[in-house]
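Worksheet: one structure, shown below.
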């Protein structure tokens, strides 16, 4: 297996609500077909699709759980940008589960949950490189 | 919010087991520090970290659920490569939740769960472009 993640699919209980939320905070679908939204991002593609269909297609039993230990991070270049994204998410109905504050690794981060409960960390980490497209470049050892 | 995903963190109940699994199927940590493994991938960084610490750090209540509607896809260039990755995952103890088979979108895919229950789809999708680093390029409309 090559070291790559091609797509990240977030299952949703309400497709229109999920798509409206991501568009409200700045995402624009590259493709929107048969109630599936594909957002071309940095290397990966983020996808919104029916959680029921996703579970069936993957062969996974779905008990409707809200969190199973997955977090997506969106890194930015300054603490002020963290505050800005968190306020925008809040204004669009996201639950802020961690108010922006210093982190144990010497950065600054806030966390929100999207309307389906998926967790995003919005972070400024001065220890990591960050490209213009939002990709983190780890320090070389 | 820019259209980017910087890191994907998979919470684990057993760090050494999780790291050993990903290394067995071909991933190599770029950084491994304080029981946190960072794998530089295409644009994104995949991270393995304690699920308990992740929940606490994000401010999320964790009820131990096994699936909350998130799937990571690893796209490859042929059906034979799908079979190869799935067999490698199976040989290393992954649960195969979908045996490799044709998909509704005209591709071919199999799905496995890692030792913590995180779901991966391994897919060949002839309708999408695929770069050498495993990134999907959506068709332009």
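Residue numbers (the numbering used here), protein chains in the order written: chain F, 1 to 141; chain D, 1001 to 1141. Note that CB positions come from ideal geometry on N, CA and C, so glycine has one too.
Quick one: grab the DSSP three-state call for residue i.
i, result
"residue 138(F)", "coil"
"residue 1084(D)", "helix"
"residue 42(F)", "coil"
"residue 112(F)", "strand"
"residue 1023(D)", "helix"
"residue 32(F)", "strand"
"residue 1013(D)", "coil"
"residue 1037(D)", "strand"
Between residue i and residue j, which are expected to be in contact by the criterion C-beta below 8 Å, what is the C-beta distance as a whole number of angstroms?
i, j, result
"residue 38(F)", "residue 1138(D)", "6 Å"
"residue 54(F)", "residue 1085(D)", "Contact doesn't hold; Cβ gap of about 20 Å is too wide."
"residue 1151(D)", "residue 1076(D)", "Summary: the structure shown does not reach residue 1151(D), with chain D confined to residues 1001 through 1141, and so no result is reported for it."
"residue 1060(D)", "residue 74(F)", "That belief does not hold up - the Cβ atoms of residue 1060(D) and residue 74(F) are roughly 16 Å apart, past 8 Å."
"residue 8(F)", "residue 89(F)", "That pair is no contact at about 18 Å."
"residue 125(F)", "residue 105(F)", "7 Å"
"residue 1108(D)", "residue 1082(D)", "6 Å"
"residue 1018(D)", "residue 1115(D)", "6 Å"
"residue 1036(D)", "residue 1047(D)", "7 Å"
"residue 142(F)", "residue 66(F)", "An answer regarding residue 142(F) cannot be provided, because it is not within the stretch 1 to 141 covered by chain F."
Where do the ends of the beta strand (DSSP E) carrying residue i lie?
i, result
"residue 124(F)", "119-124"
"residue 5(F)", "From DSSP, residue 5(F) is part of no beta strand (DSSP E); its letter is neither H nor E."
Where the region 48-66 of chain F meets chain D: residues whose CB sits under 8 Å from a CB there: 51, 54, 55, 57, 58, 59, 60, 61, 62, 63, 65, 66
Residues from the region 28-39 of chain F in contact with chain D, defined by Cβ distance under 8 Å: 28, 30, 31, 38, 39
Entirely enclosed beta strand (DSSP E) segments - the region 1054-1083 of chain D, minimum 3 residues: 1070-1075
Near-chain D residues of the region 79-113 of chain F (beta-carbon distance less than 7 Å), N- to C-terminal order: 85, 88, 97, 98, 111
Residues in the region 120-135 of chain F having any Cβ partner in chain D nearer than 7 Å: 121, 133, 134, 135
Residues of the region 12-23 of chain F with Cβ closer than 7 Å to any Cβ of chain D, in chain order: So the list is empty, because no residue satisfies the distance condition.
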